[in-house]
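Below: one structure, written as structure tokens.
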Amino acid sequence: MTEPFDDLRRYADDLAAEVSPYTAQRAVRAAMAPHQRRPRKAIVALVATGLLGLSNVALAATANSAVPGDVLYGVDRAYERAADLIGLGGPRVAERMQETGILIERGQVGMALDLVQETLTKVLESDDPQAEFDALVENATGMPEVVNHLVGVAHLISTDDDVTGQDVAELARQLGEHLARERSNRPDHAGPPEDSPSVTAPGRTGETPANPNQGGGQP
Amino acid sequence: MTGETDSQRGASGWPPSRTDVEQARDGDNQVLGAILVNGFPRLVAFYRGVGLPNADSEELASEAVEGMIKSIRRLREPDAFEGWFWTIARNRLRTNLRRRGRIERELEYGPVEDPASIVVSREEHVTIRMALEQLSIRDREILWLREVEQLTHEEIATRLMMRPGAVRVAALRARRRLEEFYEAQTTSVVEQ
């Protein structure tokens, strides 16, 4: 009888011999290849990431000029929120005021009013309301009525700790009324825009808005 | 073993010399490639010997070779090359069996139930092949590493995460089982 372990070794030798040198070389070459290809993969990944980044930047740049009502406005705000989340955001007051100006130019006073109201609310909720407000005033240059009304808000912020959202809404409403009046007084304007609020009590130019809590007055 | 001289090593160049292992470990890809080309058939034989089909065995051997290329730099002691080589080979086998969901059944409950999956390479090995099929995968591994690859009980113990004494006992039992099954196969062939 053949010794089983001799048979086992012969079996092992025959199994190994059935693997051709070509098969072994091909397998080893293929196993070593990924290590040589890695730099190429890294380059492809880098280029893909770069292209993705560029397309994002292009989209963000395009969306940046959008105003409420535009298709890309949601994208613009989404990018802002994303930037805020990773700590790259900054005061948005200037941009909001620019958008407000564009909306006024387009005659979309209702939307401009909503935007100003939203901006003022955020100014009040911010860590440094005074600084935010200063930025708002600075960027409202060219819109004297806006500045005029915002001075009233500044007064509220500096003198009254109990400023509420309703106070801000009221000021925004008054601001909207002034803006609509301003537009209707322009020589090239044929009439009030469709979405503008009704103008009932236009204020005197240079006069500060009434403070709902204090019954109005110069700040 | 790797400490042997070139004349003591087999004609297949296996196991590789200590110098070759050192060069491979230190970044000589040509030497590493030559070692692995020599080792590849042994890996395929091992996988087929424990019961995997030929195609699976070659694929698994390729994966093992890839694992060796990745980890050769971490081989501190060149004399431990064979232990390191078979550890990787065995780990790949474990992973493959686990992937197939067969490890519990095969290891704990007896021999492989699908002998048809084993490619019959040569008719003259039918007796040893049938006898091997009667063993559990663990017994086949121990026998293969001990009787074919000539690893010591201590080296096998490290590979299988067992105590050397336990490996000695397991190897002895596996040998006895193989002898019994082998004899039974031989007897049945003679009777036919």
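If you read the sequences in order, they're chains A and B. If you're matching positions, the first sequence starts at 1 in this note's numbering and goes up one per residue. If you're matching positions, the second sequence starts at 1 in this note's numbering and goes up one per residue. The beta carbon of each residue, even a glycine, is placed where N, CA and C say it ideally should be. Remember, predicted model here, so these are calculated numbers, not experimental data.
Just verifying my parser: in three-state terms, what is the DSSP assignment at Met-68(B)? Helix, per DSSP.
Ala-112(A) beta carbon less than 8 Å from that of Leu-124(A): Result no, Cβ atoms of Leu-124(A) and Ala-112(A) do not sit closer than 8 Å.
Just the chain B side, please: which residues come within less than 7 Å of Thr-121(A) by C-beta, in chain order? Within chain B, no residue comes near Thr-121(A); the closest Cβ sits about 58 Å away, beyond 7 Å.
Could you work out which residue in Ile-156(B), Asn-38(B) and Leu-60(B) is closest to Thr-87(B) when comparing CA atoms only? Closest option to Thr-87(B), judged by alpha-carbon separation, among Ile-156(B), Asn-38(B) and Leu-60(B): Ile-156(B).
Can you say whether Asn-64(A) is buried or exposed, counting buried as having 16 or more other CB atoms within 10 angstroms of its CB? Flag for Asn-64(A) reads exposed.
Touch test, the region 142-159 of chain B against the region 44-56 of chain B, Cβ-Cβ under 8 Å, three pairs minimum: Short answer: they touch.
Under the assumption that Gly-51(B) contacts Arg-140(B) (Cβ atoms under 8 Å), give the Cβ distance between them as a whole number of angstroms. Cβ atoms of Gly-51(B) and Arg-140(B) come within 8 Å of each other, at about 7 Å.
Would you verify that the beta carbon of Pro-4(A) is, or is not, closer than 8 Å to some beta carbon of chain B? So, interface residue.
Proximity test, Cβ basis, 8 Å: Met-111(A) and chain B: Interface criterion not met: the Cβ of Met-111(A) is under 8 Å from no Cβ in chain B.
With burial defined as no fewer than 16 other Cβ atoms inside 10 Å of the residue's Cβ, what is the status of Gly-53(A): buried or exposed? Answer is exposed; the Cβ neighbour count stays below 16.
Rounded to whole angstroms, what's the CA-CA distance from Ala-42(A) to Gly-74(A)? Just pull it up for me. Approximately 34 Å between the Cα atoms of the pair.
Could you work out which residues of chain B lie near Asp-22(A), taking near to mean beta carbons separated by less than 9 Å? The sequence shown places Tyr at residue 22(A), not Asp. Under the 9 Å cutoff, chain B gives no residues; its nearest Cβ is about 10 Å from Tyr-22(A).
Where does Asp-20(B) land, buried or exposed, given buried means 16+ other C-beta within 10 angstroms? So Asp-20(B) ends up on the buried side.
Unbroken alpha helix (DSSP H) run spanning Trp-84(B), endpoints: Element bounds for Trp-84(B): 81-100.
Could you confirm whether any beta carbon from chain B is found closer than 8 Å to the beta carbon of Ala-12(A)? So, interface residue.
Residues that Ser-62(B) contacts on chain A, provided the C-beta gap is smaller than 8 Å: Those within 8 Å of Ser-62(B) in chain A are Ala-27, Ala-30 and Ala-31.
According to DSSP, simplified to helix, strand and coil, what is Arg-152(B)? In the sequence as presented, Arg is not what sits at residue 152(B); that position holds Thr. In the structure shown, Thr-152(B) sits in coil (DSSP, three-state: anything other than H, G, I, E or B).
Taking 8 Å as the threshold (beta carbon to beta carbon), is Leu-143(B) in contact with chain A? Interface criterion met: the Cβ of Leu-143(B) is under 8 Å from a Cβ in chain A.
Taking all protein chains shown into account, decide if Arg-92(B) is buried (16 or more other Cβ within 10 angstroms of its Cβ) or exposed. By the neighbour-count rule (16 or more Cβ atoms within 10 Å), Arg-92(B) is buried.
In angstroms with no decimal places, state the Cα-to-Cα distance between Ala-30(A) and Ile-35(B). Rounded to whole angstroms, the separation of the alpha carbons of Ile-35(B) and Ala-30(A) is 15 Å.
Is the beta carbon of Ala-24(A) sitting closer than 8 Å to the one on Val-31(B)? Result no, Cβ atoms of Ala-24(A) and Val-31(B) do not sit closer than 8 Å.
Show which residues of chain B have a CB atom less than 8 Å away from the CB atom of Arg-9(A). Residues of chain B passing the Cβ test: Glu-147 and Val-148.
Just curious, the alpha helix (DSSP H) that Ala-12(A) is in, first and last residue? Note, Ala-12(A): alpha helix (DSSP H), 4-17.
When the cut-off is 8 Å and only beta carbons count, does Ala-16(A) lie next to chain B? Closer than 8 Å to some Cβ of chain B, the Cβ of Ala-16(A) qualifies, so yes.
Please classify Glu-82(B) as buried or exposed, where buried requires at least 16 neighbouring CB atoms within 10 angstroms. Residue burial is scored here from C-beta neighbours: Glu-82(B) has at least 16 other C-beta atoms within 10 angstroms and is therefore classed as buried.
Should Pro-21(A) be labelled buried (16 or more other beta-carbon atoms within 10 Å of its own) or exposed? Per the 10 Å Cβ criterion, exposed.
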